[in-house]
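Everything below concerns the one structure shown next.
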Amino acid sequence: MTAILPQTDRPATRRPPLIAGAAPRSGGVALILATRPEIFKLAPVLCRLGRRARVVRPGNHSPSALPNPEFGGGTGTGSRSFRVAGALEQLTRLFAADRPEVVLVHGATDTALAGALAAHSHGIPLVHVEAGLRSHDLALPEERNRVLADRVSDVLCAPTPVEVGNLEAEGLGGRDVRLTGTTTAEAVHHRLMPGPDRINVLRKWGLQPDGYVLATLDRPENTDDEEALFAIANQLSGIADAGYPVVLPVDPRTRAAVIRAGVLASAMNLRVVNRLWHSEFLALAKHAALLVSDSGSVQEEATVLKRPILVVRRSTERPEVLRDFGKLVRPHDDIAGIALNWLTDGVECRARLADTPSPFGDGRSSERIADAVHHLSLLNR
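Numbering-wise, our numbering puts 241 at position 57 of the sequence shown, and it's gapless, one number per residue.
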């Protein structure tokens, strides 16, 4: 089924009430997706759900390459309130015309919040994947998104016992809380190139295994603050000056921020490149001596690839990473000094991480999430 639409507190229960005048159920599971990382991470779940799954990406761009896209990708530009309202309007109209049995949202994007609220308003059973993540910083929009999505969800798929504890502390332990892990391990193993192909990628970039640093910067707290961005770039340049090439893939928005901050003029040793295909990024990440990133997905990928990571943020909703794999740093910290200390102990660090399991799952998370969806669907037929 393909449909292109123009851009435009009840407590959760096991059997949400039907809304008067609601469209009859047409069956299927609606997966609400917004970002590239979500698409990669939920692909294993989509495969397990099979033909019952419908991918919904609010927006007016080109359809996703995943099966059965209902919309194009993203919710466009504009303020956060505009994006949430636009996605909510689209999804409300879709669910009124073609009601799914279950809605699944992932993470803490504005689109995830819109999907959760649209399902809630129609009384459609809702599954939240990556439930319970908490940075404990309500100044961050995504923190508010994930808290609200958890409040209206019927099934809460928590990545680790830490998130289960967060949900219980907020009084949500009586819901259907499931310890599922995340699908990162499955997604990485599916998209990671074979060894010889990875080495060819390194040769293309003139890099040696364990001899370079891979960095990403995407969060507004780093890219919209010119002083923070300039400080981070100078620290990355310091790492490069010490003999470790630094590759920094950026999207057009971040590149524009880099140019505005004058970073390229002062950090000549940075290899600022266009955003990479995910498989190429994973190939570089697999052989990097160190990752430096503000991305939640990259934090999880680091634990699967057994790579150390410096998390450039004021807080993280994934404290499990900091236990064995990472360290939290702020933009004005001595990132270069910390990185070089880690790089000096690289062989020992990599040997230790090689025997450290990822805290985010055992490769069966998609099976557990799909089982939760099937169970909720059966309860509400």
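Just so you know, even glycine gets a beta-carbon here, dropped at the ideal spot from N, CA and C. Being a predicted model, the structure only gives us computed values, none of them experimental.
Exposure label - residue i; buried when at least 16 CB within 10 Å
{"i": "V397", "result": "buried"}
{"i": "G205", "result": "Annotation note: pLDDT 41 at G205 (below 50); position unreliable, no value reported."}
{"i": "R502", "result": "buried"}
{"i": "F544", "result": "buried"}
{"i": "D334", "result": "buried"}
{"i": "P433", "result": "buried"}
{"i": "R283", "result": "buried"}
{"i": "P378", "result": "exposed"}
{"i": "R387", "result": "exposed"}
{"i": "I567", "result": "The chain is shown only over 185 to 565; residue 567 falls outside these bounds and no answer can be derived."}
{"i": "T312", "result": "Correcting the residue type first, residue 312 is His in the shown sequence and not Thr. Flag for H312 reads buried."}
{"i": "S263", "result": "exposed"}
{"i": "G510", "result": "buried"}
{"i": "T259", "result": "Note that T259 has pLDDT 47, beneath the 50 cutoff, so the model's placement of it is unreliable and no number is given."}
{"i": "R238", "result": "buried"}
{"i": "T540", "result": "exposed"}
{"i": "R223", "result": "Arg is not the amino acid found at residue 223; the sequence shown has Ile there. Burial call: buried."}
For residue i, the three-state DSSP class (helix, strand or coil)
{"i": "A441", "result": "helix"}
{"i": "R290", "result": "The displayed chain sequence assigns His, not Arg, to residue 290. Three-state DSSP puts H290 in a strand."}
{"i": "G545", "result": "coil"}
{"i": "I493", "result": "strand"}
{"i": "P251", "result": "Because the pLDDT at P251 is just 46, under 50, the model does not fix this residue reliably, and the point stays unresolved."}
{"i": "N528", "result": "With the sequence shown as reference, residue 528 is identified as Thr, and Asn is not the correct amino acid for it. Three-state result, T528: helix."}
{"i": "N244", "result": "Low confidence applies to N244: its pLDDT is 49, below 50, so where it sits in the model is not reliable enough to give any reading."}
{"i": "D394", "result": "coil"}
{"i": "G367", "result": "A quick correction: the sequence has Thr, not Gly, at residue 367. Three-state DSSP puts T367 in coil, outside helix and strand."}
{"i": "I383", "result": "helix"}
{"i": "H374", "result": "helix"}
{"i": "S305", "result": "helix"}
{"i": "L356", "result": "coil"}
Delimiting residues of the alpha helix (DSSP H) encompassing residue i
{"i": "N406", "result": "P404 to T407"}
{"i": "D360", "result": "Run containing D360: none in the alpha helix (DSSP H); it sits in the beta strand (DSSP E), D360 to L363."}
{"i": "H558", "result": "S549 to L563"}
{"i": "R330", "result": "P325 to R335"}
{"i": "E285", "result": "Per DSSP, E285 belongs to no alpha helix (DSSP H) and is neither H nor E."}
{"i": "S263", "result": "No alpha helix (DSSP H) holds S263; DSSP gives it neither H nor E."}
{"i": "I223", "result": "R220 to L233"}
{"i": "H471", "result": "H462 to H471"}
Counterpart residues of residue i in DSSP-defined beta bridges
{"i": "R573", "result": "Outside the shown range of the chain (185 to 565) lies residue 573, about which nothing can therefore be said."}
{"i": "C341", "result": "V313 and R362"}
{"i": "R238", "result": "A214"}
{"i": "T400", "result": "S477"}
Short Cβ contact (8 angstroms threshold) for residue i with residue j
{"i": "A271", "j": "V287", "result": "no"}
{"i": "A520", "j": "G422", "result": "yes"}
{"i": "E485", "j": "A469", "result": "yes"}
{"i": "A296", "j": "V289", "result": "yes"}
{"i": "V213", "j": "E314", "result": "no"}
{"i": "D394", "j": "H306", "result": "no"}
{"i": "R455", "j": "P429", "result": "yes"}
{"i": "L466", "j": "R375", "result": "yes"}
{"i": "A445", "j": "E410", "result": "yes"}
{"i": "P515", "j": "I416", "result": "yes"}
{"i": "A298", "j": "P242", "result": "yes"}
{"i": "R552", "j": "R362", "result": "yes"}
{"i": "S481", "j": "V496", "result": "no"}
{"i": "K490", "j": "A538", "result": "yes"}
{"i": "V229", "j": "S542", "result": "no"}
{"i": "V488", "j": "V457", "result": "no"}
{"i": "A342", "j": "L332", "result": "no"}
Range of the contiguous beta strand (DSSP E) that encloses residue i
{"i": "A426", "result": "First-last for A426: undefined, no H or E at that position."}
{"i": "L512", "result": "G510 to V513"}
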